[in-house]
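Under our numbering, the letters of the sequence shown match residues 534 to 1179, in that order.
Even glycine gets a Cβ: it sits at the ideal position worked out from N, Cα and C.
All values derive from a computational prediction rather than experimental measurement.
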Amino acid sequence: MAKSSGWSLPKARSEGPPFITKSQIVAVLEQVGVLLELDGANRFRVIAYQNASRALASLEEELLTVVQEERITDVKGIGKGLGGLISEAVLEGTWGDLTTLYGRIPPGLMEIVGIPGLGPKRARILHEELGVDSIESLKVACEMGHVAPLSGFGEKSQQKYLEGIDLLRRYQGRSRMDVGLLYGQALEERVSAISGVTRAELAGSARRRRETIGDIDIVVGAEPENHDSVIESILAFPGIAEVKGYGESKVSLILEADMLGGAVGGGSVDVQLAETLKERSSDATIDAQVRIVAPATFPFTLAYFTGSKEHNIRMRQAAIDRGLRLNEFGLFSEEAAGDSIGMEAAQHTLDCADESDIYRHLGMAWVPPEMREDRGEIEAASKGATGLPDLIEPEEIKGALHNHTVASDGTATLEEMAAAAMELGWEYLGIADHSEALNIGGRQIGVPGSEVAAQSDAIRVLNDQWRDEGVDFRLLHGSECDILVDGSLDYTDKIRRSLTHVVGSVHALGSWRGRDEIANTEALTKAVENPTFTILGHPTGRILQGREGFPVDMHAVLRRMGELNAEGELKAVEINASPYRLDLDWRLCKYAKEQGVPVCINPDAHDTDGLQDVWFGVQMARKGWLSAADVLNTRSGAEIEQLFGL
Ligand code: DGT
Ligand code: CA
Ligand code: ZN
534 MAKSSGWSLP
544 KARSEGPPFI
554 TKSQIVAVLE
564 QVGVLLELDG
574 ANRFRVIAYQ
584 NASRALASLE
594 EELLTVVQEE
604 RITDVKGIGK
614 GLGGLISEAV
624 LEGTWGDLTT
634 LYGRIPPGLM
644 EIVGIPGLGP
654 KRARILHEEL
664 GVDSIESLKV
674 ACEMGHVAPL
684 SGFGEKSQQK
694 YLEGIDLLRR
704 YQGRSRMDVG
714 LLYGQALEER
724 VSAISGVTRA
734 ELAGSARRRR
744 ETIGDIDIVV
754 GAEPENHDSV
764 IESILAFPGI
774 AEVKGYGESK
784 VSLILEADML
794 GGAVGGGSVD
804 VQLAETLKER
814 SSDATIDAQV
824 RIVAPATFPF
834 TLAYFTGSKE
844 HNIRMRQAAI
854 DRGLRLNEFG
864 LFSEEAAGDS
874 IGMEAAQHTL
884 DCADESDIYR
894 HLGMAWVPPE
904 MREDRGEIEA
914 ASKGATGLPD
924 LIEPEEIKGA
934 LHNHTVASDG
944 TATLEEMAAA
954 AMELGWEYLG
964 IADHSEALNI
974 GGRQIGVPGS
984 EVAAQSDAIR
994 VLNDQWRDEG
1004 VDFRLLHGSE
1014 CDILVDGSLD
1024 YTDKIRRSLT
1034 HVVGSVHALG
1044 SWRGRDEIAN
1054 TEALTKAVEN
1064 PTFTILGHPT
1074 GRILQGREGF
1084 PVDMHAVLRR
1094 MGELNAEGEL
1104 KAVEINASPY
1114 RLDLDWRLCK
1124 YAKEQGVPVC
1134 INPDAHDTDG
1144 LQDVWFGVQM
1154 ARKGWLSAAD
1164 VLNTRSGAEI
1174 EQLFGL
């Protein structure tokens, strides 16, 4: 979807090459795809830019080298023309004829792309026919009834745009994973409890554990004669803000907070987790699509609506390769399917009791939903069960290394945090309060260097006590040490060496966001090379739906960390498990693993409940193909002590 800001061509850096960085080019190529559509360009050109943007984003090698060695057109998805454009940007800092394209399209027009039902094509018609060039002018045009009479639009579209604008304003369209899952699991539980329902399961991005969720999809199995009564029961649920529509096999709803009351606490929802989430969820609403099918059709419908769309396309192709046809109703041999379509065709399907049968018919092992993003899982699953990683489970976490207490900005004491960690069955808890440099609005947040030794003493007293009592638990005395703008670390070397571990984090985001990828990559690399540095905390500083992280070549940083690990140093990268962050991004986990960089899943807890956020981090690790062995804090307390040289 198009971003609603930043629609302009980035200026060249004063020194280079590279004069334009990789992340800037990735963003421009994505925008150009939309701009070309607004401009009425041919479909293939549009797709070429979209593909090139994706290809460049996942390029692991340094872009400058690839360009200088004239290997840019070797990258799959980048042809001669685009290769030339990218090379010009990198080597000269200019954008060729893109400048005129950007000049031609009004920025406000780009903002309306992304309103539900409004793609670039329709946006262009609205612009040409009605002069619409902003969200405001679209709203006025709809309210005055000018949109409906346009050919191909109608009253329905006009109404939909108005609702879309309203929704865009109120909710920005998507929910964080914690909020979306809370609604999704509550709905799933309520639906499962309806008599006549044989199975109900979350599908869509919620089941795939995306970091944000657009709408909730849920698939329900019930005998056809019960469909009406099941739908009636659903419509009577509390917490339905609006029924957007329903038919024989589908209900479209908008859910609000009352949905969460009472339902949680049994079944698949972890009680404590649900309570924590409930406190946090705002009163925003979320859309839900419920699909009701016959029990025998359930696995096909579940697989289809789990997606992703990209994964589905590959699955359908795998079926075609075997002379089969796959859709949401079944898996058919070409002759059996014949001309029948939809539900009617379902009776001709091959039997599949669950999803794994579908994969088996296509010669694949069952793919965990988190991995269904067409990022290599089809190929891996085709090698059989051993081709896919054995994904980490939440129970395999034995502790965490980045947590705060009252000494900085936490609300709990050492003792309280330790008790909560033991309650979770953990063997250790790393305390990493902020370092001295951190102050917010002039208020000192971090622990002054002069007070670090006192915290160390307090921790030692507690650890001695547990050891004497034979309790297998320890606190580890670390610090969340600020990475300063030049890549050096806060505190003196002496203080840092006195700690068990150093979580290095960037907090002065303004400075880091104000300079380019190359300067940031250099500084971050310098930080991880510091001998006292152990874990890279929330690597980009992003807040989901809040602010983007600073630009950085994370592949390069991870590569360097991999080298250091190969030399015997311990340099881990954090998945910050707070659902507001989920940073390291899951898309980079597999690369970290390939480089030999351990991942540490840290809740960054500021109170005792916060420790449970680790669950969200595990979901991201699974999405990033990680096994327990790839994750530092699946090690036992004794192993961690050994790794840290205690
Ligand atoms: P979201 O809701 O934006 O967070 O993401 P999803 O993945 O839940 O997407 P959604 O709700 O539009 O559709 C649910 C799933 O249904 C999607 O993951 C794959 C499947 N699906 C929807 N539309 C298509 C389509 O046009 N082609 C294919 N192959 N699958 C589709
Ligand atoms: Ca969805
Ligand atoms: Zn931090």
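The alpha helix (DSSP H) enclosing residue i, as first and last residue numbers
i: A1238; result: Nothing in the structure corresponds to residue 1238, since the chain is present only between 534 and 1179.
i: K783; result: Here K783 belongs to no alpha helix (DSSP H); instead the beta strand (DSSP E) covers 783 to 788.
i: K1027; result: 1026 to 1030
i: N860; result: That residue, N860, is in no alpha helix (DSSP H); its beta strand (DSSP E) goes 857 to 860.
i: T1058; result: 1050 to 1062
i: D750; result: D750 -> not in any alpha helix (DSSP H); beta strand (DSSP E) instead, spanning 749 to 755.
i: V1078; result: In the sequence as presented, Val is not what sits at residue 1078; that position holds Gln. Careful: Q1078 lies outside any alpha helix (DSSP H) and carries neither H nor E.
i: I580; result: 576 to 590
i: A914; result: 910 to 915
i: T1167; result: Segment: none, T1167 is in no alpha helix (DSSP H) and carries neither H nor E.
Best match in the options for proximity to residue i [C-alpha to C-alpha]
i: S684; options: E661, I668, I698; result: E661
i: V600; options: F552, L631, E563, T632; result: F552
i: P927; options: A991, K609, L642, A1154; result: A1154
i: H1088; options: E867, N1053, G917; result: N1053
i: C885; options: R1114, M792, L864; result: L864
i: G1011; options: G610, E1174, Y779, W899; result: E1174
i: A790; options: I773, A574, H881, V900; result: I773
i: S1169; options: W959, I558, R732, H1034; result: W959
i: A1041; options: N972, Q988, G1101, P981; result: N972
i: A545; options: W1119, R1048, D1116, N1098; result: R1048
i: E910; options: G664, V900, T919; result: V900
i: I1016; options: A851, E877, V1106, A970; result: A970
i: T834; options: S728, A733, A851; result: A733
DSSP three-state assignment for residue i, whether helix, strand or coil
i: V1036; result: strand
i: S801; result: With a pLDDT of 38 at S801, under the threshold of 50, the modelled position of that residue is not reliable, and the figure given next carries that caveat. Correct three-state label for S801: coil.
i: L810; result: Residue confidence for L810 is low, a pLDDT of 49 falling below 50, so the modelled location carries little weight; the figure read from the coordinates is stated next. If DSSP states are grouped into helix, strand and coil, L810 belongs with the helices.
i: Q988; result: helix
i: Q557; result: helix
i: T1073; result: coil
i: Y1113; result: coil
i: C1133; result: strand
i: I925; result: coil
i: H935; result: strand
i: R893; result: helix
i: Q850; result: helix
i: Q880; result: coil
i: E1107; result: strand
i: I973; result: strand
i: A1041; result: coil
i: T1065; result: coil
i: A1138; result: strand
i: S815; result: Residue confidence is low: S815 scores 44 on pLDDT, short of 50, so the model does not pin down where it sits. Its coordinate-derived value is still stated next. Looking at S815 - three-state DSSP - the assignment turns out to be coil, as it is neither helix nor strand.
C-beta atoms of residue i and residue j nearer than 8 Å
i: R743; j: Q1078; result: no
i: P1136; j: S1111; result: yes
i: V1036; j: T1058; result: no
i: E644; j: S667; result: yes
i: P1180; j: L1091; result: Because residue 1180 is not part of the residues shown, which for the chain are 534 to 1179, the question remains open.
i: V579; j: L569; result: yes
i: E721; j: I746; result: no
i: Y716; j: I749; result: yes
i: G647; j: I819; result: no
i: A913; j: T839; result: no
i: E563; j: S541; result: no
i: H1071; j: S1038; result: yes
i: A836; j: I764; result: no
Any non-hydrogen atom of ligand 5 closer than 7 Å to residue i Cβ
i: D1118; result: Ligand 5 is not among the ligands present in this structure, which contains only ligand 1, ligand 2 and ligand 3.
Opening and closing residue of the beta strand (DSSP E) in which residue i lies
i: Y961; result: 961 to 967
i: S866; result: 863 to 866
i: G1011; result: 1007 to 1015
i: T598; result: Segment 596 to 601 is the alpha helix (DSSP H) holding T598; no beta strand (DSSP E) there.
i: D820; result: 819 to 826
i: G778; result: 773 to 779
i: L735; result: 730 to 736
Touching or not, the segment 937 to 944 and the segment 961 to 971, by the rule of three or more beta carbon pairs under 8 Å?
-> Note that the segment 937 to 944 touches the segment 961 to 971; at least 3 beta-carbon pairs, one per stretch, sit closer than 8 Å.
contact_flag[the segment 1132 to 1150, the segment 946 to 956] where n(CB pairs < 8 Å) is 3 or more = Yes, since at least three Cβ pairs between the segment 1132 to 1150 and the segment 946 to 956 fall closer than 8 Å, the two stretches touch.
Are three or more beta carbon pairs between the segment 741 to 757 and the segment 825 to 834 nearer than 8 Å?
-> They touch, by the three-pair rule.
Below 8 Å, can you find three or more Cβ-Cβ pairs linking the segment 996 to 1004 to the segment 1024 to 1036?
-> Under the three-pair Cβ rule at 8 Å, the segment 996 to 1004 does not count as touching the segment 1024 to 1036.
Examine the Cβ distances between the segment 589 to 606 and the segment 618 to 628 and report whether three or more of them are shorter than 8 Å.
-> Segments in contact, yes.
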